[in-house]
Structure formats: structure tokens, C-alpha cells
Amino acid sequence: MRRSREAEQDVHDGTANEHRKLQQNYRRGNKEDHMKRYEPNIIEPKWQAKWAEDNTYGVTEDTSKQKIYASPMLPYPSGTGLHTGHVRNYSITDAVARFYRQKGFNTMSNIAWDAFGLPAENFAIKTGTPPAVSTANNIAYFKKQLLRLGMSYDWSREFDTSDPEYYRWTQWVFSLMYKRGLAYKAEKQQWWCDKCNTVLADEQVNASGKCWRHEGADDPEVTKKSVNQWFFKITDYADEILESTDALNWPEKIKTMQKNWIGRSEGTVVEFDLKGLGADKVKLDVFTTAVETIFGVTFMVLAPEHPLVAEYGQLAENSEEIDAYVQKAIRKSELDREMEKVKTGVKIEGLSAINPMNGNEIEVWVADYVMMGYGSGAIMAVPGEDQRDFDFATKYNIPVVFTTDRGEFTNYQEEIKPNKKAFMLANSGEFDGMNFEDGRKAIIEKIVSIGKGEARVQYKIRDWLISRQRYWGAPVPIVYCEEHGEKLVPEDQLPVRLPEVDNYVPDGKNSSVLAGVEEWVNTTCPVCGKPAKRETDTMDGYVCSTWYLHRYTDAHNDKQAFDPEKANYWFPVDFYFGGDHAVAHLLYIRFFQKVLCDAGLAKDREPIKQLVYNGYINAEDGRKMSKSLGNTVDPMDIIESGYGADALRVFELFIAPYDQDTSWNSKGVPGTYRFLNRLWTLTQEFIEQPKVESSKPKDQFRDIYKVAHTAIKKVTQDLESLSFNTAVAAMMGAVNDLYLIKVKDSYSNTDAWRFALESLAQLIGPFAPHIAEELWHELGHKDSVHLGHWPEWDEKYLVKNSVVYAVQVNGKVRGEVEVPAGADQKTVEEAARANGKVASYITGDPKKVIFVPNKLISFVV
RNA sequence: GGGCGAGUGGCGGAAUUGGUAUACGCGUUUGACUUAAAAUCAAAUGACCACAAGUCUUGAGGGUUCAAGUCCCUCCUCGCCCACCA
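The first sequence begins at 74 in the numbering used here and counts up one residue at a time.
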């Protein structure tokens, strides 16, 4: 069940060899026999057990302390387990959580399982294993991995979203939405995946028109199907979400994507009367962002799917031609239509529209360059002012009217388009001579006054489609009664439990297998008690994950989804870590938080203070890590082969800046293991030295203190700015420096060495928590280094006694000189000119001398 | 077509307001230890050059400056996102 091993045999063999080597090293290494060796597979499980026993990472709402809430995005427990690419996200989360915990913050970090979803159901269809069983197995392995990695979660708050005790409250979330008028059922054209046999949200359809779960070359494109569906009214909050996006401390990339997704544009809805084919009383609404061009409208265009096309197209003389065009256009995917360079269309003969501003009668066309999915699916075409309309008009010999006075300009792309706003209106009746802005205002006013339209804000975002025709999800808590219609299941009757079934294959007829479970479907009406039928749709997994960050704050409450007081203590989430779901999940949780606020259940209108969005780690071959390519590495293999979780975690943080994509390197973990081993050895050797009561003043150990304080400063600042890779480099540098000092001078049990080693034990805590704890205890401490132990640096040890200046002549470095700290320009200049090599480049007096304190001196000759 | 990123050794990557480019790690090479290998420790490692000296080097080309990976202009490549958006 767990995972297919064959594909990773090579990797496995490789690590097995490493394992053998390491074991030999332990047995026959040249370290003195009595010295305790660095064996992560002994110390790591030991501390993991101790932390669990002491509940080291358990938290309560301690108002006397400042809180930090740091969480990774909850994982979907797939059958393949975590690979080393996934481990990056968890390592980053844990480094930040541990850093703040060590600094004394009341820090909460958690894990939960996003357990509902299609793969478990598909696995059930294939093998007959119930989703609940395979999901539990998968969770067990994920949990084993994360425990072995030593993540500092409050495990008492763990839950999985497919547990009735959880989805009971997911159904409560639905009720909350329903009661606030934010959940509704509607018949809409929706994306449909033939492989999943279910509808998909817009966000689940990728750029090439395929389902997010079936993106392969052989997979079919999604199609449109008309289905009666449940929606959450996210559009009610579109404006607020959009407006508050800029202020978020989130990556610009994500913010831009969300803003594009909401897609706000301000414009005008204009109503055109129709004429002919018996449509004389019918109005055609169009949306335009350039209403000032309305005098230039010479034709109207309807999208092929527009309802008026179906209605009046068949009445036209050329109905066959229209029908053929529409059929062809609908078969083409939206993507194909967009790729189409040449615009095509068909005129609806006999139908015309009346321009409300000048009464002109104009043609009505069907063309697939207009999309049903935006605006009203119809446009007023202004070929004089719009390139697309112009192309179309030219092709079909439709008149062109310019509504701007362009003077001598003739080139549209080069001259007119960029300067459009500078031209005065023309051919626009009473509005001639007005500039673009005034003209627009005046024309909108006029349209409104004659009752033919209004200003409107148009969004690209649609309401959130939440229902799925699948088994393995939280049932929508609705029943249908003949007398009372659609009724919410009362809260005290939740959860609506998923019944056990034998056959998981959906019939593809717009309903899930639940529809076939009669004893479940047949229920009673909560109002009259008479027979009623259950809703058979389940909710999209994104509904489950929309409120789980709240559940963490009160994970086992059986009276309510969460206690708002507890949630308000922890919220907003200070750091949210992930590398996926740029739009969907991250938009939904913002929406939900605002709903909670309006319902009086939350106070912060934004749930996430800082989004930490990590890049991908690709496989060593440069391709994306995936089970099907056989290029994933199981972190357990690396850990168990003797390198341990700490070395793996350090490498995950060291490999590159966290937000950058990079590639796995199988030699990397041995490298970070070496580093940890050097730190280990340094500490062990120290412990074995007899304690020295030094009579030397502290200043004699200045270089040791300097190394320690430099590292403390750098690592602290780097963690604050999430620069994990340079923090690791700084610690490596410190260890290297201490080795040099050790070799050069004596190595003895002095306060200076103790300070340096204790500092490093603390600094390494967020990165390699087990060795940190072990060394901390080896150095004589009894408590956990992870609770409230973080070193502070003292600037006085960072002050240099002497400074090395670079000496430049005409901008080129020709040498360097060492002078006492604080030397003035004259001193440095003399020292520099005393340098023979420098002097050879300077003949006579320099024209100019540039002096940069503590850096360089530059002679211009 | 539009928007946003990014191009630095053999590789992953460092580099305050412009101020000694290549920190740290991997890899490679040498030495110590070892019967031997591994491990460990010490050291070398951008290119050209036998060495020194010197020259060149941050995608390409120009510019500003005493000084440019960093600022400005032109261009190339790659990645991501959006896209007949009315």
C-alpha cells in the first residue's frame, strides 16, 4: 500500500551503501574509543520520545506571553508518502516555529490531514479498499515520517478532515454560509471532467483546458455541462478581498495572481433594444469599459452560447448557417478559440439592434471571439476604436466609424492606441469636442437619464462551486421535502454521516453513488417530519481546508467548531507556509475569515499575516519530483541510512533561498552531516577537557568570543528575514573558525569555549533540533534548549582591533594594508603608499583620493 | 499580446546605501593517519599563464562613475502567471 519501491531501487541501493560506510566508520573510526560518537539514529528517537513525554510543544492560550502561530499548509495524505521535496516546507515551518519558541514566544505549530478527496476514492474503485481504510494507512505513514523528522507540532491538536467529528463542523460551516445567504443552488454550465466524473471549479481547470488531476497528454480536456450545483457566494466579498490584497505581507506574485483572478473592471452596462424576428420587446445587455465610443457602434456580437442566439438564430433565414457555426464553436475549447488568430462569425439575418444614443439600427452577429464567460456574453462592437472589432469589420465589410478626432494620425498601433485618451470625441453628436474623461462621464449620465443603462463594476471571479458528485467528501447537510422544499439539516442533527457502501463507481449521471443508497437518501423533513430526501452532493475538499486553521485553536471542541475566544487569541496566523494553491485555497480562507467576522465569530478580517511561499525542489535530474517519473527520494531512506533527520533538515534549508526553485543533490545531506559531526566532535572534545580556572582576562579569548557573537548576530538576523541558507552557512563558518582556533591555540575548558559551544547548540536548534538538545544536555543543562533559550550577541565583541583596507589605483585593486581600527584617512593613505606595489602604480601626486572608512582607499592618477 | 521573476565557477548558491565578486556547501586534487580503503584532520581549487607578474571574468552590447553583479539604455535566453476581458 505504502509506496512502490521498484522505481526508487537505485536511490535505495545508493543509500544502503552509504549506510554500510557509516556503520563501518562508527565501528572503526579513528576517534578515541571513549568518545561518544554522533549517531543520529540513537539520539533522534530518544529526544523525540522525551519531547512527546514532556509535551514540550503543547501550548495553551497563555495571555501572559506573546503568541506566534506558524503553520504549514495541511497535506493531502497520498499513497506515496512525503518525498524530500515536500520536506522543505515542513523544515522551513519548523525552523521558524522553533526560532520563536526558543526566543520565548508562546508558539503553536500544528499538523492535520486533508483526508477527503478523489485519489482515495479512485483507489477504492480500483481495489475495493474503502477510502476510510486507505486514508488511515496513508495518514499513518505521513505521521511516521513527520514524527521521525522531529517536527515540533502540538500533536494533541491533530485531526483529519474525514473524521465525522471534524466534518460535522464542516457541515456547520455550510450552514453558516446558508443562513447568511451565501450558499445557494443553481443550474449552471460547469466544467466537467470525464475521468473524475464530477464537476470542477474554475480554479481546478488548468491553462491547457485539462482537469488539475488529469493533466497528461492522453487525458481529455474538460467539457462544459449544465448541472444543478451548490455555490458559495464569494463574489459578495470580491471587492473587499481585492482592496485588502495590496496591504498583505504576501509575495507580490501571489497577490497579483489573486487580483487578476478577481479581475475587477469598471464600466457601463448598456441596454440595446432588438428589432426583427419577433424580438422587438427583447433587450440586449452589453458590458463595456469604453462607453464613450458608443457612437461608433456599427454592429453587435453575441457569444455562440448566448441564449438569444439559440432563441432567434433558428428564426433567421440563415438559421442553418448559424447553427453550424455555433455547433462548431462550442465544440472547440475556449483555449482553441483564443488561439484562433483569424476571427470568424455569422450574421443573424433579420435581427438588428438599436443604438440607444443615436437610434441607429445595426447588425447583430455571432462570433466566437466573444466569450460567454465574461460580462454578459455580448458586446457592442466599435471597429473604429477597437482592434479586434476592426479586424472583424474589415473582414466582413461592416462600416467603421471613428469616435475620436485623430488629426493626421493614421497608424493605429503606433500612434493612435497609445494616445487614445488624448484625442477629442468626434462623430458623437452633442459630445463632440469633449475629452475622453469628460465625454465618458457625460455619456454615462445621459444613458442613465434615459434609463438605458448604468455604471457597473464587473468581476471575472465567479461564485465558488462547492458541490461534487462524489462519495468521499463531507455530505452537503440539506434535505428536500415535498412540502417545505430545500431545508438545512438542523445543527443538533449534524454530522450527516457518510454511509458505508460497497460500490464506489459513480454512474456519471450527475450524481454520486450516495444517490443509490436508499436507506441513507430517504430521511425525514426537519420541519414536518414527513419523508424527505437527502442532498447527495458532497463538498469540495477546499471547504474542509477553509476553516481548519480555526480548528487548530480548539481542536476537540464538541460543542462548536471552535471557541471564538481561543481563535482570537491565536489569530491571525503569523506565518503560513506552503508552495501551492496560489489562488484557490488562499483566496477561500480570506473569504471565509471575512464571513466569520461578519457573523461576529472573528475579529481579524485577514487570517494570514505573512504567507511564506516556498519554491519547489526538483529531482536530481532537473525534472519535477514525481512518483510516476520514479525520481523521488523518501526522507526515511536518508534518515535510516545513518544521516538522520537533522542532517536532512539542515540540507533542506541550506540548499537555496526558500522561495527559489532548485534541484535535489544526493551529496548534499552527507555534506550537512559532516558539518553536524564537526560540531559534535568539537563539543565532545571540550567536555573531556578538565575545567580550567583561567587567570587570563576575557580579552585573551577575544577571537573565540568574536566567532560566537558574529554567528549569533548573523543567524538571528537571518532567521528574522527567513534567509535560512545563509544562516546555515554562518554556523558552518563559525565551526570552521573554531577548528582553526583550536589548532592554532590551546583547546581548554574555559568560559570562552563554553560560551561558543552553548551558543552554537542554541543557534542550531531551529535547524537540527535533536543534536541541539543533545549538545545542550551534554554541556550540563537539564531543561530543553527549545523552550526559551536563544543567545544574544554583544556588539563589543564585533568591534575590530585592526582593519584591512583595499587599496585601489584607478579603480583597480592593487593591494591591501592593515591599519589600527579607527585610523584616519591620512594614516591609511601613508600606509597604502608605503606599499611597494601600490607605489609602483602611483607616479607623482594623485589627482584625487577617495576614502571609504573601514573599506578601501582609492587613488586616481 | 500583457504582467512578474531570473541569468554569477564543473554544480547548489554568497555579496548593506555602487566599494577587495565567487562566502558556505558539493565535486575535484594533494598531504597526514592506515597494511589498505572508508572516515577524520590539514591544504589547494573562477579562467588564461610553467611560476611570478599580469590580463580577463557575474547572459550579450553600450553608458554613467575613481569604482558597476548592483544604477541607466538596447538586446538575448529561461521560468511562472494572465490573456480575443469587451
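C-beta atoms are modelled at their ideal positions from N, C-alpha and C, and glycine is treated no differently.
The structure presented is a predicted model; accordingly, all values stated were derived computationally and were not measured.
- Message: According to DSSP, is ASN576 part of a helix, a strand, or is it coil?
- Response: If DSSP states are grouped into helix, strand and coil, ASN576 belongs with coil.
- Item | Assumed close pair VAL578, VAL586 - CB separation to whole angstroms, cut-off 8 Å | With a Cβ gap of about 7 Å, VAL578 and VAL586 count as contacting.
- Item | Exposure label - ILE923; buried when at least 16 CB within 10 Å | Here ILE923 is exposed, its C-beta having fewer than 16 other C-beta atoms within 10 Å.
- Spatial distance of PHE759 from PHE665 (CA atoms): Straight through space, the alpha carbons of PHE665 and PHE759 are spaced by roughly 55 Å.
- Nearest to PHE797 by CA position, among PRO568, TRP242, PRO730 and LEU813, is which residue? Looking at PRO568, TRP242, PRO730 and LEU813, the one whose alpha-carbon comes closest to that of PHE797 is PRO730.
- Residue burial classification, VAL780 (beta-carbon count within 10 angstroms, cutoff 16): Buried is the call here.
- Indicate whether ASN874 and ALA894 have their beta-carbon atoms separated by less than 7 Å. In contact: ASN874 and ALA894 (Cβ atoms closer than 7 Å).
- Task: With a 10 Å radius around its C-beta and 16 neighbouring C-beta atoms as the bar for buried, classify GLN25 as buried or exposed.
- Result: The chain is shown from 74 up to 934; residue 25 falls before or after that span and cannot be answered.
- Taking only the alpha-carbon atoms, compute the straight-line gap between PHE661 and PRO926 and give it to the nearest angstrom. Note that residue 661 is Tyr in the sequence shown, not Phe. Going from the Cα of TYR661 to the Cα of PRO926 covers about 53 Å.
- Query: What does ALA259 pair with, by DSSP beta-bridge criteria?
  - Reply: Answer is GLN302, bridged to ALA259.
- Query: Between TRP303 and ILE690, is the Cβ-Cβ spacing less than 7 Å?
  - Reply: No, the Cβ-Cβ distance between TRP303 and ILE690 is not below 7 Å.
- Once you ignore the five residues that flank ASP135 on each side, which residues in its own chain have a CB closer than 6 Å to its CB? Taken in chain order, the residues that qualify are ASN179.
- Presumed contact (8 Å Cβ cut-off) between ILE837 and LEU752, rounded CB distance: In this structure, ILE837 and LEU752 form a Cβ contact; the two beta carbons are roughly 7 Å apart against a cut-off of 8 Å.
- Query: Is the beta carbon of ALA588 less than 7 Å from the beta carbon of THR609?
  - Reply: Yes. Within cutoff.
- contact_flag[the segment 416-424, the segment 504-516] where n(CB pairs < 8 Å) is 3 or more: Under the Cβ criterion (8 Å, minimum of three pairs), the segment 416-424 does not count as touching the segment 504-516.
- To the nearest angstrom, how far is it from the Cα of GLY131 to the Cα of VAL646? Rounded to whole angstroms, GLY131 to VAL646 spans 17 Å at the Cα level.
- Task: Could you tell me which residues DSSP puts in a beta bridge with ARG607?
- Result: ARG607 pairs with VAL552.
- Item | Span of the alpha helix (DSSP H) around SER857 | Counting along the chain, SER857 falls outside any alpha helix (DSSP H), and DSSP gives it neither H nor E.
- Are the CB atoms of LEU357 and ALA451 nearer to each other than 7 Å? Yes. Within cutoff.
- Message: Which residue marks the beginning of the alpha helix (DSSP H) containing TRP334, and which one marks its end?
- Response: From DSSP, the alpha helix (DSSP H) with TRP334 extends over 325-335.
- Task: Would you check if there are 3 or more beta carbon pairs closer than 8 Å linking the segment 621-640 to the segment 224-240?
- Result: Three or more beta-carbon pairs drawn from the segment 621-640 and the segment 224-240 are found closer than 8 Å, and the two stretches are therefore classed as touching.
- Query: Helix, strand or coil: which one does DSSP assign to TRP264?
  - Reply: It is a strand residue.
- Message: I'd like the span of the alpha helix (DSSP H) that includes GLY158, first residue to last.
- Response: Run containing GLY158: 157-175, per the alpha helix (DSSP H) assignment.
- Message: Could you compute how far the alpha carbon of LEU684 sits from the alpha carbon of VAL934?
- Response: Approximately 53 Å between the Cα atoms of the pair.
- Task: Ignore the nearest five residues each way along the sequence and tell me which others in GLY102's own chain have a CB closer than 6 Å to its CB.
- Result: Residue placement at GLY102 is poorly supported in this model, since its pLDDT is 38, which falls under 50; the coordinates still yield a value, given next. Around GLY102: no qualifying Cβ.
- Task: Measure from the alpha carbon of GLU126 to the alpha carbon of each residue in ASP227, VAL723 and LYS298, then state which is nearest.
- Result: Of ASP227, VAL723 and LYS298, the residue nearest in Cα terms is ASP227.
- Message: Which residues does DSSP list as the beta-bridge partners of GLY558?
- Response: According to DSSP, GLY558 shares a beta bridge with CYS554.
- Query: How is TRP438 classed by DSSP in three states: helix, strand or coil?
  - Reply: Residue state, collapsed to three classes: strand.
- Message: For ASP459, tell me which candidate among CYS266, PHE372 and ALA675 has the shortest Cα-Cα distance.
- Response: Residue PHE372 is the option with its Cα nearest to ASP459.
- Coil, strand or helix - HIS658 by DSSP: Of the three classes helix, strand and coil, the one that applies to HIS658 here is helix, per DSSP.
- Determine the DSSP secondary structure at ASP710, reduced to helix, strand or coil. Of the three classes helix, strand and coil, the one that applies to ASP710 here is helix, per DSSP.
- Item | CA nearest to the CA of PHE648, picked from ASN687, LEU669, PHE635 and GLU344 | Nearest option by C-alpha distance: ASN687.
- Got a sec, what are the start and stop residues for the alpha helix (DSSP H) GLU339 sits in? Not the alpha helix (DSSP H): GLU339 falls in the beta strand (DSSP E), residues 338-348.
- Could you tell me the boundaries of the beta strand (DSSP E) in which ASN179 lies? Run containing ASN179: 179-181, per the beta strand (DSSP E) assignment.
- Message: Quick check on DSSP: helix, strand or coil for ASN691?
- Response: Per DSSP, reduced to three states, the secondary structure at ASN691 is strand.
- Relative to the alpha-carbon of ARG230, which residue among THR626, GLN773, PHE727 and ALA896 has its alpha-carbon at the smallest distance? Answer by Cα proximity: THR626.
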